[in-house]
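K.L.:
Just so you know, UniProt numbering puts 2 at position 2 of the sequence shown, and the rest follows in order with no gaps.
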Amino acid sequence: MNVINEAGILAISTRMHRLSEQLRKDGAMIYKAFGIDFELKWFPVIFTIYKKELVSVVEIANEIGYTHPSTITLLKELEKLELVEWKKDKQDERKRMFQLTPKGKELIEKMKPVWELMYQVLGDLVNNQNNLLEAINETEEKIMNQSFYQRALQLKNSK
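1. On the premise that I72 lies in contact with V57, defined as a C-beta separation below 8 Å, what is that separation, rounded to the nearest angstrom?
2. Around the C-beta of G104, are 16 or more other C-beta atoms found within 10 angstroms, so that it is buried, or is it exposed?
3. Which residues bound the beta strand (DSSP E) around R96?
4. Could you give the first and the last residue of the continuous beta strand (DSSP E) run that contains E85?
5. Would you decide whether M97 is buried or exposed? Buried here means 16 or more other CB atoms lie within 10 Å of its CB.
6. Q154 lies in the alpha helix (DSSP H); which residues open and close that run?
7. Counting pairs of beta carbons, one from the stretch 21–40 and one from the stretch 60–71, are three or more of them closer than 8 Å?
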């Protein structure tokens, strides 16, 4: 056991980051093994557009939990690759609505079998005695109600 693992709960952020990096690295290798040129950072944006079909920047940012500027950066990259395109909203001319291009839809079709495989493997990885996905859901819900910082301040002030 290394010192970070021994740190227990104090190192939870480090350990989650480490796990996340490993999953990202392996995910990229899986796409590559299937001959798909795809960066994992694009996944939340393109998947949201795929699921919602026509969606604004604000809606995408809210769905994925990213800032407006970082969402726009990812959208610009996907636009440059001609995977997504936008059109003006019929109700609000200032609002841009994003959708997949035919090339984007084609990519999604190539990715679906890979997602099925990933779903299966990830399901097996997290399906432990203490299901990781359920634990993450519970923790995120608690944090939405009151952040780590807010909880720490509250405890500090109650002493």
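Glycine included, each C-beta is placed from N, C-alpha and C at the ideal position.
P.N.:
According to the structure shown:
1. Looking up residue 57 in the sequence shown gives position 57. Looking up residue 72 in the sequence shown gives position 72. Sure, about 6 Å apart at Cβ, within 8 Å.
2. Translated into positions along the sequence shown, residue 104 becomes position 104. The residue is buried, with at least 16 neighbouring Cβ atoms inside 10 Å.
3. Within the sequence shown, the letter at position 96 stands for residue 96. Element bounds for R96: R96 to L100.
4. Start at 1 with the first residue of the sequence shown, and residue 85 comes out as number 85. From DSSP, the beta strand (DSSP E) with E85 extends over V84 to K88.
5. The residue you call residue 97 lines up with position 97 of the sequence shown. Looking at its Cβ environment, which holds 16 or more other Cβ atoms inside 10 Å, M97 is buried.
6. The count along the sequence shown starts at 1 and reaches residue 154 at position 154. Unbroken alpha helix (DSSP H) run through Q154: F148 to N157.
7. no
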